[in-house]
Amino acid sequence: MQSTERIASYKAGDELVVIKKELTQAKINKYAEASGDGNPLHTDPVFAAATQFGGTIAHGMLVLAYISELMTAAFGDRWLVHGRLKVRFRGAARPGDSVTASGRVASIGAAENESDGLRPVVCEVECRNQNGEVLISGEASLRVP
Amino acid sequence: LRLAFTAAALLSLALFAACSDDPGIAQTDPRYPPIAGLIATAVDNYASRGPYGLYPYVTGEVTVKCTEEEFAAAVGRRPDAAPLRSIEKVSIRGDEATVTLNLITAAGDDQAVWKLERLPNASWAVLEVPGSESCTP
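So the sequence lines, in the order shown, correspond to chains S and P. Be aware that the first sequence starts at 146, since it is given in this note's numbering, and climbs by one per residue. Be aware that the second sequence starts at 56, since it is given in this note's numbering, and climbs by one per residue.
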């Protein structure tokens, strides 16, 4: 978890420490089991071959969790308590993909303008695969002391 | 005459029962996979951006009828957009599919029924979701 001092030191333009994940069919299967999402698009290669994707793909929420992990690493509990994500799913992540979640602090507001005395932080975030294709992009926002 | 009415009533009941017991198409039906693909991506974007995330997946008929803002205002009156738990059932009649979804919400799982329309290129698009029927020009 990040200290209050570390969080307070962030400024606009700062890059967040990237998270890299190797996506496997086993991970996708485990996520399907845990989430209860039984859509065979994610777990059955024969079924998935007949879809517009031509093969199994990861659950969007599984890939989105990598962004949440990125934000948790950067902002700790602040993200878990105050975090909000607004993203667009732009491409499918497949087994075998190497997914990189990255982010940048886009803006930090002033605490004196806020009724709760916390500073609003907005980060631009995204996930890309090993080919540089954007899988998810959007904004993550939270409030910090 | 009474017999004829009774027979007609029984036939109607039987037809109603047959329709309401519709088990939907099997996952092995070749029409199922493209629908499952559309639902997975459309629901992800719906969960993340609400009705605005769903709008790119609606039919041309809907986009002619409602702007993105009108669609969002109509659908936005429903409970929060949520990630997919499972596809409960897919029924197809002609070029229209009725999909029963279980969505994950903060208050527990919520069931919703979406209508899809088959496009000329054999892909599918969203024709109606709860709330969207109130979006009229």
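Cβ coordinates follow ideal geometry from the N, Cα and C atoms, glycine included.
At the level of alpha carbons, what is the spacing between P:Gly131 and P:Tyr107? In the second sequence, the residue the question calls residue 131 of chain P occupies position 76. In the second sequence, the residue the question calls residue 107 of chain P occupies position 52. Their Cα atoms are separated by approximately 9 Å.
Using C-beta distances below 6 Å, list every residue in its chain close to S:Glu214, excluding the 5 sequence neighbours before and after it, in chain order. On the first sequence, residue 214 of chain S is found 69 positions in, with the first residue counted as 1. Cβ neighbours of S:Glu214 beyond the five flanking positions: Ile164.
Identify each residue in the region 75-94 of chain P for which the Cβ-Cβ distance to at least one residue of chain S is less than 7 Å, and report them in chain order. Gln82, Pro85, Pro88, Pro89, Ala91, Gly92
Check whether the region 83-91 of chain P and the region 110-127 of chain P are in contact - that is, three or more C-beta pairs closer than 8 Å. no
Out of P:Leu158, P:Thr155, P:Lys170, state which residue places its alpha-carbon closest to the alpha-carbon of P:Gly149. For the purposes of this step, residue 149 of chain P is taken as the residue at position 94 of the second sequence. Nearest C-alpha to P:Gly149: P:Lys170.
Just the C-alpha distance for S:Val232 and P:Val145, rounded to the nearest angstrom, thanks. Taking the first sequence and counting its residues from 1, the one referred to as residue 232 of chain S is at position 87. Taking the second sequence and counting its residues from 1, the one referred to as residue 145 of chain P is at position 90. Taking the straight line joining both Cα atoms gives about 28 Å.
Note down, in chain order, every chain P residue with its Cβ under 8 Å from the Cβ of S:Pro190. As a first step, residue 190 of chain S must be located in the first sequence, where it is residue number 45. Neighbours of S:Pro190 on chain P: none; closest Cβ ~12 Å, over 8 Å.
Give me, in chain order, the residues of the same chain whose beta-carbon lies closer than 6 Å to that of S:Phe198; leave out the 5 immediate sequence neighbours on both sides. Locating residue 198 of chain S in the first sequence gives position 53, where the first residue counts as 1. Only Ala237 meet the Cβ criterion.
Distance check for S:Ala203 and S:Pro240, CA to CA, integer angstroms please. Here the question's residue 240 of chain S lines up with position 95 in the first sequence. Here the question's residue 203 of chain S lines up with position 58 in the first sequence. Between S:Pro240 and S:Ala203, the C-alpha separation is close to 7 Å.
Rounded to whole angstroms, how far is the Cβ of S:Glu284 from the Cβ of S:Cys268, which I believe are closer than 8 Å? Locating residue 284 of chain S in the first sequence gives position 139, counting from the first residue. Locating residue 268 of chain S in the first sequence gives position 123, counting from the first residue. Yes, S:Glu284 and S:Cys268 are in contact; Cβ-Cβ is about 7 Å, under 8 Å.
Less than 7 Å between CB atoms is the rule here; does S:Met216 satisfy it with respect to chain P? Within the first sequence, the letter at position 71 stands for residue 216 of chain S. With 7 Å as the cut-off, S:Met216 does not count as an interface residue toward chain P.
Within 7 Å (strictly less), CB to CB, does P:Asn176 reach chain S? On the second sequence, position 121 is the one that residue 176 of chain P refers to. Judged by the 7 Å Cβ criterion, P:Asn176 is not in contact with chain S.
Compute the distance between the beta-carbons of P:Gly79 and P:Ala129, then report whether it is under 7 Å. Start at 1 with the first residue of the second sequence, and residue 79 of chain P comes out as number 24. Start at 1 with the first residue of the second sequence, and residue 129 of chain P comes out as number 74. In this structure, P:Ala129 does not lie closer than 7 Å to P:Gly79 by Cβ.
Check the Cβ-Cβ distances between P:Asp150 and every residue of chain S, and say whether any is below 7 Å. Sequence index remark: in the second sequence, residue 150 of chain P carries index 95 (1-based). Closer than 7 Å: no.
Starting from the beta carbon of P:Arg140, find every residue of chain S whose beta carbon is closer than 9 Å, and list them in chain order. Counted from its first residue, the second sequence places residue 140 of chain P at position 85. Correct list: Ser180, Gly181, Asp182, Gly183.
Which term fits S:Ala179, buried or exposed, when burial requires 16 or more other beta carbons within 10 angstroms of its beta carbon? Here residue 179 of chain S refers to the residue found at position 34 of the first sequence. Flag for S:Ala179 reads exposed.
What does S:Gln197 reach in chain P if we use C-beta pairs closer than 8 Å? Position 52 of the first sequence holds residue 197 of chain S. Residues of chain P passing the Cβ test: Pro89, Gly92, Leu93, Ser178.
Using only the alpha-carbon positions, how far apart do S:Ser252 and S:Glu160 sit? Taking the first sequence and counting its residues from 1, the one referred to as residue 252 of chain S is at position 107. Taking the first sequence and counting its residues from 1, the one referred to as residue 160 of chain S is at position 15. Each residue's alpha carbon lies about 12 Å from the other.
Against chain S, does P:Asp165 count as a neighbour if the rule is that its beta carbon must be under 7 Å from one of theirs? Residue 165 of chain P sits at position 110 when you count from the first residue of the second sequence. No, P:Asp165 does not count as interfacial toward chain S.
Amino acids of chain S, ordered along the chain, whose beta-carbon sits closer than 8 Å to that of P:Thr155: Locating residue 155 of chain P in the second sequence gives position 100, where the first residue counts as 1. What P:Thr155 touches in chain S: nothing, since even the nearest Cβ is about 13 Å away.
Could you tell me whether the Cβ of P:Lys146 comes closer than 7 Å to any Cβ of chain S? On the second sequence, residue 146 of chain P is found 91 positions in, with the first residue counted as 1. Residue identity differs from the one stated: residue 146 of chain P is Ser in this sequence, not Lys. Judged by the 7 Å Cβ criterion, P:Ser146 is not in contact with chain S.
Closer than 7 Å, CB to CB, is P:Ser189 near chain S or not? Position 134 of the second sequence, counting from 1, holds the residue named residue 189 of chain P. Closer than 7 Å: no.
S:Ala219 to P:Gln82 span [Cα, whole Å]: Stepping through the first sequence from its first residue, residue 219 of chain S is reached at position 74. Stepping through the second sequence from its first residue, residue 82 of chain P is reached at position 27. Distance between the alpha carbons of S:Ala219 and P:Gln82: 42 Å.
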